[in-house]
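Chains as they are written, first to last, in our numbering: chain A, 444 to 691; chain B, 444 to 691. Backbone N, C-alpha and C define an ideal beta-carbon position, used for all residues, glycine too. Source: prediction; values computed, not measured. Heads up: the structure comes next, in C-alpha cells.
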DNA sequence: GGTGGGGATTTCATATTATGAAAATTCAGA
DNA sequence: TCTGAATTTTCATAATATGAAATCCCCACC
C-alpha cells in the first residue's frame, strides 16, 4: 500500500458537509499528521484540482471530484435508468428508497431518494450500515455466500432491539429471503424504521445491488404492506433488466 | 509535489465514459508507467474504495467518488438552489444552460442542463473550454482582472471563425461586458453555437461563476433575443442571491 | 503605523518508501 | 492439459516523502 496515496484519500475524506472548508492545521490535527506533510499533500491535490484554495488560506473540494463523479458508471446508469422507477415507487408509497451495494462487510448506499413528506432518515449517498442489520444488506447476504462469509468474519453486534446477532438465526433468515425473494427489516437498525428490500440481479443471476423502501414502522405495518412488497420486488426486477449487464 | 499522489490522480482520471473499465496493463500503457507501479497504486486506490475490482481482473471507479462528490459544497448548493432557476430558464427558451467557474486559464462547467428538444452540445460537468472563447468565460474575465492576466499569459489561439485572438480586442470586449452586464459568444467556439452569459456574484460583488444559455445560432438570432438576455441576467442575479455567501 | 501572534509555507537532512525488472501466478482459450 | 497473455508478487535500489525547525505572511490589536 502506498502511504502517500492513502493519506491523500484520507485528506479528501476530511471534507464533509459538516466541515466543507478546512485549513492545513485542522487537517493535520484531524489525521494526526505533521502539518508539513499535510501541506505537501494538500498542495499536490490542489494542483490536480481535487482540492481548491478558498480566498483565505483555507481549502475545499475541487472540480476534479465533480468530473470523476460523472464517470462513475453506476452513477450514470443508476440515475438514467433506475431513477424513473425509483421515483415511481416513492410517488406511490412515500418514504425513502435506497439502492445499496455490498462492500467490506457493510452496505453502501449508491442512491437515495426521499419523499418530501416523510420521516427523515440519516443516510446519504456513500454512507454505510452493517449489512446484517438492514433490509438491503440481508438481501445482499442471502444472494451471495461470499458476502455472508465476510460479514460473519467481522462479527455481528447489537444495533437496535431487533438486530440479529446470532449467526444461525441470520442464516435461517437468509434462507427465508432466498425463498421469498425479498427481505424485511423491522427496527433492526438504529433508525426505528421498517424496510423492505429486493435484489437487483445481473443477466447471469448474480446479485449486483439491492433496492429498499424505508418508512416509519407505523406506516409500513398497515394493510397494504403486501402491495408494497410486490411493488418493491417488481421495481427491482425492472431495474435488473435495465442494469443487468453489469457484473461486479 | 508528491509524485505518487499525482500519479494516483492521473489513474483515476483514466476512467472515463469511453473507458469506464480498465485493466492494469491499459492504465500503465495510457500513462506510460511501469505495470508494477500502476498495480501498487491501483491496489491502494481499491483499498480506499476509490476504485473497485470488476469480476474479471478489471477495475472501475468506486463508491468513494460518490461519497466525495456529495461533499462538494458547490454541487450541493448549485443543485439545491440554482437548479430550479436554471430549469425555469430551460423551460422558457429551450437550449442548454451551464454554470461555469474559472480555473487555470479555462472555464470548468460545474452544472449542465439541456432541453430535451435541442441541438446537443459537447460539454459535461467537469469539462473545460478556453475562457476567451466562451460567453461564460468572457464574463469571468471581465469581472476579475486576475483571471484575465492568467488567460493572457497562456495566450489566445484560434478556435472557430469568430474567436477573439487579439488581446486588445479582447480587452475592448470585456469593457463592453462590464458596462452591459452580460456577454455574447457567436460562433467563437468550436461548437457553432450562440451563447449568452451573465455573472453570478457574491455579496461583496466578487465573481463566483457565470451562467450561460446556449443554442443554435439561428434560434438565438431571432427577435426575442433581448428577452432572453434579460432572463439570463435576472436568473444570474437570483442565483447570486442564493449562493452569494460563497467566496472563492 | 508598528507590533505580536497564529497560522501557513519553505527548507533540508534523513529515513522511509516508491520504483521497476524479473519471477511467479492466474486465467482463458485452444 | 497446455499455452500465452495477462496480473500479481518479490525485492534490491534509488528516489522521495517525512517532519523538526526556521521563515514568512497576514491579521488583529495596540
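| query | result |
| --- | --- |
| Helix, strand or coil: how does DSSP classify residue 559 of chain B here? | coil |
| State the start and end residues of the unbroken beta strand (DSSP E) segment that holds residue 496 of chain B. | 494-496 |
| Run through DSSP, which three-state label would residue 462 of chain A get? | coil |
| On the premise that residue 509 of chain B lies in contact with residue 515 of chain A, defined as a C-beta separation below 8 angstroms, what is that separation, rounded to the nearest angstrom? | 6 angstroms |
| Taking the alpha-carbon positions, what's the residue 563 of chain B to residue 635 of chain A distance? | 46 angstroms |
| What residues from chain A crowd round residue 551 of chain B, counting only those whose CB sits closer than 7 angstroms? | 506 |
| Return the chain-ordered list of same chain residues with a C-beta closer than 6 angstroms to the C-beta of residue 453 of chain B, the five sequence neighbours on each side being excluded. | 474 |
| Which residues, in chain order, does the region 647-660 of chain B contribute to contact with chain A at a C-beta distance below 9 angstroms? | 649 |
| Could you check whether residue 536 of chain A and residue 671 of chain A sit closer than 8 angstroms to each other, using their CB atoms as the reference points? | yes |
| Along the alpha helix (DSSP H) that carries residue 610 of chain B, what are the first and last residues, could you check? | 610-623 |
| Does chain A have any CB closer than 8 angstroms to the CB of residue 463 of chain B? | yes |
| Compare the C-alpha of residue 593 of chain A against each of A/532, A/550, A/528 and A/490 and name the closest. | A/550 |
| Which residues of the region 566-578 of chain A have a Cβ closer than 7 angstroms to any Cβ of chain B? Give them in chain order. | 567, 568 and 569 |
| Whose Cβ in chain A lies nearer than 7 angstroms to the Cβ of residue 445 of chain B? | 447, 483, 484 and 487 |
| Ignoring anything shorter than 3 residues or poking outside the region 623-662 of chain B, list the beta strand (DSSP E) runs there in chain order. | 626-629, 636-644 and 650-659 |
| Pull up the DSSP beta-bridge partners for residue 503 of chain A, would you. | A/495 |
| Against chain B, does residue 455 of chain A count as a neighbour if the rule is that its beta carbon must be under 8 angstroms from one of theirs? | yes |
| What does a CB cutoff of less than 6 angstroms around residue 599 of chain A pick up in its chain, not counting 5 residues either side in sequence? | 575 and 608 |
| Mind checking whether residue 640 of chain A and residue 650 of chain A have CB atoms under 8 angstroms apart? | no |
| What did DSSP end up calling residue 537 of chain B once you bin it into helix, strand or coil? | coil |
| Between the alpha carbons of residue 619 of chain B and residue 472 of chain A, how many angstroms are there, rounded? | 48 angstroms |
| Which of the three DSSP states, helix, strand or coil, is assigned to residue 475 of chain A? | coil |
| Suppose the cutoff is 7 angstroms on Cβ atoms and the five residues either side in sequence are ignored; what does the same chain contact list for residue 465 of chain B look like? | 457, 458, 501 and 502 |
| Using C-beta distances below 8 angstroms, list every residue in its chain close to residue 524 of chain A, excluding the 5 sequence neighbours before and after it, in chain order. | 682, 685 and 686 |
| Just list the residues that DSSP pairs residue 670 of chain B with in beta bridges. | BP columns for residue 670 of chain B are empty, so no partner. |
| Report the CB separation of residue 504 of chain A from residue 511 of chain B in whole angstroms; it is logged as a contact under 8 angstroms. | 7 angstroms |
| Counting along the chain, where does the beta strand (DSSP E) carrying residue 572 of chain A start and finish? | 571-573 |
| In whole angstroms, give me the CA-to-CA distance for residue 528 of chain A and residue 596 of chain B. | 50 angstroms |
| Report the rounded CA-to-CA distance for residue 584 of chain A versus residue 604 of chain B, giving the unit in angstroms. | 60 angstroms |
| Do residue 490 of chain B and residue 444 of chain A count as a contact pair if the criterion is CB distance below 8 angstroms? | yes |
| In the DSSP assignment, find the alpha helix (DSSP H) that holds residue 455 of chain A and state where it starts and stops. | 446-457 |
| So is residue 553 of chain B buried or exposed if we call it buried at 16+ other beta carbons inside 10 Å? | buried |
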